[in-house]
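Chemist: Chains as they are written, first to last, in the UniProt record's numbering: chain A, 1 to 226; chain B, 1 to 226.
Have a look at this one before I ask anything.
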DNA sequence: TTCGTCATGTAATGGGTTACATGATTAC
DNA sequence: GTAATCATGTAACCCATTACATGACGAA
């Protein structure tokens with residue numbers, strides 16, 4: 001019954017913070033926003049939603065458009081279940097964003113967190129980025145020593161595999177460095193191209209962060225598009 | 001009971017082709033040879049070994065050094081279970097190497113296959129590399145269109161995440177291109193540094209492949225460098 | 001009326017981990 | 001004698017996917 005799954009819970013909460021949605025649409029958004037790192041199926045999502053409702057982070061809405069529901073959700077067709085974040089849920093999400101558990105630096109966890117960076121403070125972002133970086137550096141270190149110890153026993157392909165793997169991790173670290181740099185030095189300094197550029201591209205405000213759904217947003221033109 | 005797991009089975013067979021081993025050592029080798037992509041625990045390995053024995057791909061040896069067993073396996077200590085590949089097992093492995101199922105191009109599957117490239121023919125290698133490449137290219141295409149469709153609705157961090165993800169995949173494709181190039185043009189042409197170099201580094205034989213445990217191994221100058 | 005897609009769910013299965021239970025052997 | 005590491009296993013979860021069951025709605 002404890003269909004929870006950490007990341008999924010986190011991601012659902014994050015997406016619902018923007019606006020209430022059906023499970024169906026939620027899944028689509030999930031798989032495009034986070035697509036690179038993760039994809040979820042209904043078999044995971046629906047039970048998880050139930051669990052979140054049970055915890056009080058979400059409420060279900062079934063009736064005919066209880067105010068906030070975006071018209072799109074029931075353009076005439078019989079309303080299904082719309083999930084909406086409760087106040088408690090919002091709080092919980094913020095909590096999760098800030099207090100990253102020990103898994104927060106793992107590949108997928110990090111990816112998902114990153115996708116919601118727009119909803120948190122620079123402090124938290126820095127913590128997460130640096131945590132991730134040091135995790136990767138440890139990994140690199142382990143790879144290096146392990147490679148050094150067994151290199152003679154490996155054939156060339158295995159070696160190449162290892163080399164390429166390390167190179168990828170190193171690239172990842174460089175990317176993080178750029179992001180950290182950019183956060184540190186930057187006001188708005190949103191990542192573009194290869195991050196860490198000092199050009200003239202701040203979008204106006206200096207103080208903060210690229211508020212989620214940053215400058216661009218909202219024409220509610222299409223709902224489903226994604 | 002079907003503790004089989006495709007990749008693990010494949011990897012176990014591949015490692016045991018080199019020499020018989022205990023489950024214990026097998027796991028260590030598993031986690032260093034394939035370390036970048038995969039790690040397995042005993043909870044997975046032992047049941048899988050039993051299943052492989054049941055299938056006839058392996059046999060267990062318990063007695064006191066039935067010939068081929070590497071001395072190391074029982075230097076005095078009471079012999080545990082040593083797993084040895086049967087003829088049928090060898091055949092099965094070769095079959096698996098060549099006839100890659102439809103999953104063969106997925107991340108992990110590919111990684112593991114690659115680690116055993118030394119044990120197969122150039123033809124097979126080419127097939128696998130090209131299969132992997134086209135899989136990644138499809139992925140890239142999907143990412144591109146999906147990004148194009150929803151780019152305005154994404155905040156900058158999500159966007160950066162997407163960008164970085166695509167870049168990684170692109171790099172992977174370039175790597176594959178180099179490998180393919182190198183296989184195509186190459187006799188021995190083992191991958192070194194960034195592959196695809198035409199220098200003077202063939203290790204002698206021309207006809208084949210870097211026979212596993214090949215004679216070359218990149219100058220042990222620096223270990224960690226890359 | 002049939003097809004696509006919206007929409008919600010569940011049961012069977014897969015593939016894996018952690019933590020535990022157990023004990024021998026080696027090195028100090 | 002005591003700690004590390006070799007060595008083998010299992011039971012209790014965890015997390016997710018697939019395939020299925022069900023049905024409404026809109027458009028051709």
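Here a beta-carbon is modelled for each residue, glycine too, at the ideal position from N, C-alpha and C.
Remember, predicted model here, so these are calculated numbers, not experimental data.
Please tell me whether residue 56 (chain A) has its Cβ less than 8 Å away from any Cβ of chain B.
Modeler: Counting from one through the first chain, the residue named residue 56 (chain A) turns up at place 56. By this cut-off, residue 56 (chain A) is not an interface position.
Chemist: Please name the residue in B:185, B:34, B:168 whose C-alpha comes closest to that of residue 108 (chain B).
Modeler: On the second chain, position 108 is the one that residue 108 (chain B) refers to. Of B:185, B:34, B:168, the residue nearest in Cα terms is B:34.
Chemist: Would residue 36 (chain A) count as contacting chain B if we go by Cβ distances under 8 Å?
Modeler: Position 36 of the first chain, counting from 1, holds the residue named residue 36 (chain A). True, the Cβ-Cβ gap to chain B drops below 8 Å.
Chemist: Can you have a look at residue 103 (chain B) and say buried or exposed, based on whether 16 or more other CB atoms are within 10 angstroms of its CB?
Modeler: Indexing the second chain from 1 puts residue 103 (chain B) at position 103. Label assigned to residue 103 (chain B): exposed.
Chemist: If we define contact as Cβ-Cβ less than 8 Å, is residue 32 (chain B) a contact residue for chain A?
Modeler: Counting from 1 along the second chain, the entry for residue 32 (chain B) is found at position 32. Yes - at least one Cβ of chain A is within 8 Å of the one on residue 32 (chain B).
Chemist: Could you check whether the stretch 112–132 of chain A touches the stretch 5–20 of chain A, counting it as contact only if at least three pairs of C-beta atoms, one from each stretch, sit closer than 8 Å?
Modeler: Yes: the two stretches touch, three or more of their Cβ pairs being nearer than 8 Å.
Chemist: If we cut at 8 Å on Cβ distances, does residue 105 (chain B) have a partner in chain A?
Modeler: The sequence position of residue 105 (chain B) within the second chain is 105, counting from 1. Answer no: the Cβ-Cβ gap between residue 105 (chain B) and chain A never drops below 8 Å.
Chemist: What do you reckon, is the C-beta of residue 30 (chain A) under 7 Å from a heavy atom of the ligand NAP?
Modeler: The ligand content of the structure shown is nil, which means the ligand NAP is not present either.
Chemist: Using only CA atoms, which one of A:53, A:131, A:122 lies nearest to residue 186 (chain A)?
Modeler: One-based indexing of the first chain puts residue 186 (chain A) at position 186. The shortest Cα separation from residue 186 (chain A) among A:53, A:131, A:122 belongs to A:122.
Chemist: Between residue 111 (chain B) and residue 37 (chain B), which are expected to be in contact by the criterion C-beta below 8 Å, what is the C-beta distance as a whole number of angstroms?
Modeler: In the second chain, residue 111 (chain B) corresponds to position 111, counting from 1. In the second chain, residue 37 (chain B) corresponds to position 37, counting from 1. 3 Å between Cβ atoms; contact.
Chemist: Residues of chain A with CB closer than 8 Å to the CB of residue 22 (chain B), please, in chain order.
Modeler: Stepping through the second chain from its first residue, residue 22 (chain B) is reached at position 22. Neighbours of residue 22 (chain B) on chain A: none; closest Cβ ~17 Å, over 8 Å.
Chemist: Between which two residues does the beta strand (DSSP E) holding residue 61 (chain B) run?
Modeler: Walking along the second chain from the start, residue 61 (chain B) turns up at place 61. Looking at the DSSP string, the run of the beta strand (DSSP E) that includes residue 61 (chain B) is 58–61.
Chemist: Would you mind telling me which residues of chain A sit closer than 9 Å to residue 165 (chain B), beta carbon to beta carbon, in chain order?
Modeler: The sequence position of residue 165 (chain B) within the second chain is 165, counting from 1. In chain order: 35, 36, 37, 111.
Chemist: Between the alpha carbons of residue 55 (chain B) and residue 175 (chain B), how many angstroms are there, rounded?
Modeler: Here residue 55 (chain B) is taken as the residue at index 55 of the second chain, counted from 1. Here residue 175 (chain B) is taken as the residue at index 175 of the second chain, counted from 1. Going by the C-alpha atoms only, they are around 37 Å apart.
Chemist: I believe residue 57 (chain A) touches residue 98 (chain A) by the beta-carbon criterion, under 8 Å. Please report the beta-carbon distance rounded to the nearest angstrom.
Modeler: One-based indexing of the first chain puts residue 57 (chain A) at position 57. One-based indexing of the first chain puts residue 98 (chain A) at position 98. About 16 Å separates the two Cβ atoms, so there is no contact after all.
Chemist: Against chain B, does residue 115 (chain A) count as a neighbour if the rule is that its beta carbon must be under 8 Å from one of theirs?
Modeler: The sequence position of residue 115 (chain A) within the first chain is 115, counting from 1. Chain B, which has a Cβ nearer than 8 Å to the Cβ of residue 115 (chain A), makes this yes.
Chemist: Answer yes or no: do residue 83 (chain A) and residue 6 (chain A) have a C-beta to C-beta separation smaller than 8 Å?
Modeler: As a working note, residue 83 (chain A) is residue 83 in the first chain. As a working note, residue 6 (chain A) is residue 6 in the first chain. Not in contact: residue 83 (chain A) and residue 6 (chain A) (Cβ atoms no closer than 8 Å).
Chemist: I'd like to know whether the C-beta atoms of residue 129 (chain B) and residue 180 (chain B) end up nearer to each other than 8 Å.
Modeler: For the purposes of this step, residue 129 (chain B) is identified with residue 129 of the second chain, where counting begins at 1. For the purposes of this step, residue 180 (chain B) is identified with residue 180 of the second chain, where counting begins at 1. It is a contact, given that the beta carbons lie within the stated cut-off.
Chemist: At a CB distance below 8 Å, what residues from the stretch 128–158 of chain B approach chain A? Give them in sequence order.
Modeler: Under the 8 Å Cβ criterion, the stretch 128–158 of chain B contributes 143, 146, 149, 150, 152, 153, 154, 155, 156, 157, 158.
Chemist: Assign residue 5 (chain A) to one of three DSSP states: helix, strand, or coil.
Modeler: Residue numbering aside, residue 5 (chain A) sits at position 5 when the first chain is read from its first letter. Three-state result, residue 5 (chain A): coil.
Chemist: When you compare the CB positions of residue 93 (chain A) and residue 14 (chain A), do they come within less than 8 Å of one another, or not?
Modeler: Along the first chain, read from residue 1 onward, the residue named residue 93 (chain A) stands at position 93. Along the first chain, read from residue 1 onward, the residue named residue 14 (chain A) stands at position 14. The answer is yes: Cβ separation under 8 Å.
Chemist: Does the beta-carbon distance from residue 159 (chain A) to residue 151 (chain A) come in below 8 Å?
Modeler: Indexing the first chain from 1 puts residue 159 (chain A) at position 159. Indexing the first chain from 1 puts residue 151 (chain A) at position 151. Going by C-beta atoms, residue 159 (chain A) is nearer than 8 Å to residue 151 (chain A).
Chemist: Jot down the residue ranges of each uninterrupted alpha helix (DSSP H) in the stretch 85–118 of chain B, minimum 4 residues, whole runs only, in chain order.
Modeler: With a minimum length of 4 residues, the continuous alpha helix (DSSP H) runs that stay inside the stretch 85–118 of chain B are 87–98, 107–115.
Chemist: With a threshold of 8 Å between beta-carbons, can residue 14 (chain B) be considered close to chain A, or not?
Modeler: The residue you call residue 14 (chain B) lines up with position 14 of the second chain. No, residue 14 (chain B) does not count as interfacial toward chain A.
Chemist: Cβ closer than 8 Å: which chain A residues qualify as neighbours of residue 118 (chain B)?
Modeler: Here the question's residue 118 (chain B) lines up with position 118 in the second chain. Chain A residues near residue 118 (chain B): 155, 156, 157, 158.
Chemist: Count the other C-beta atoms from every protein chain shown that fall within 10 angstroms of the C-beta of residue 41 (chain B), then say buried if there are 16 or more, exposed otherwise.
Modeler: The sequence position of residue 41 (chain B) within the second chain is 41, counting from 1. It is exposed - the Cβ of residue 41 (chain B) has fewer than 16 other Cβ atoms within 10 Å.
Chemist: Check whether chain A comes within 8 Å of residue 96 (chain B), counting only Cβ atoms and requiring the distance to be less than that.
Modeler: Position 96 of the second chain, counting from 1, holds the residue named residue 96 (chain B). Answer no: the Cβ-Cβ gap between residue 96 (chain B) and chain A never drops below 8 Å.
Chemist: Between which two residues does the alpha helix (DSSP H) harbouring residue 185 (chain B) extend?
Modeler: Within the second chain, residue 185 (chain B) is the residue found at index 185, counting from 1. Here the alpha helix (DSSP H) through residue 185 (chain B) covers 156–185.
Chemist: Could you tell me which whole alpha helix (DSSP H) segments of length 4 or greater appear in the stretch 26–59 of chain A?
Modeler: Here the runs fully enclosed are 42–55.
Chemist: Closer than 8 Å, CB to CB, is residue 85 (chain B) near chain A or not?
Modeler: Residue numbering aside, residue 85 (chain B) sits at position 85 when the second chain is read from its first letter. By this cut-off, residue 85 (chain B) is not an interface position.
Chemist: Using the beta-carbon of each residue, which ones in chain A are nearer than 9 Å to residue 49 (chain B)?
Modeler: Residue mapping note: residue 49 (chain B) aligns to position 49 of the second chain, counting from 1. Ordered by position in chain A, no residue passes the 9 Å Cβ test against residue 49 (chain B), which lies about 22 Å from the chain.
Chemist: Does the beta-carbon of residue 167 (chain B) have 16 or more other beta-carbons within 10 angstroms, so that it is buried, or is it exposed?
Modeler: For the purposes of this step, residue 167 (chain B) is taken as residue 167 along the second chain, with counting starting at 1. Per the 10 Å Cβ criterion, exposed.
Chemist: Which residues in chain B sit within 7 Å of residue 8 (chain A), going by Cβ to Cβ distance?
Modeler: Along the first chain, read from residue 1 onward, the residue named residue 8 (chain A) stands at position 8. Those do not exist, as residue 8 (chain A) stays about 17 Å from chain B at its closest Cβ, beyond 7 Å.
Chemist: Tell me, which residues are paired with residue 24 (chain B) by DSSP?
Modeler: Here the question's residue 24 (chain B) lines up with position 24 in the second chain. Paired residues: none, contrary to the question.
Chemist: Return the CA-CA distance between residue 205 (chain A) and residue 21 (chain A), expressed in angstroms with no decimal places.
Modeler: Residue numbering aside, residue 205 (chain A) sits at position 205 when the first chain is read from its first letter. Residue numbering aside, residue 21 (chain A) sits at position 21 when the first chain is read from its first letter. Unreliable placement is indicated for residue 205 (chain A), whose pLDDT of 32 sits below 50; no coordinate value is reported for it.
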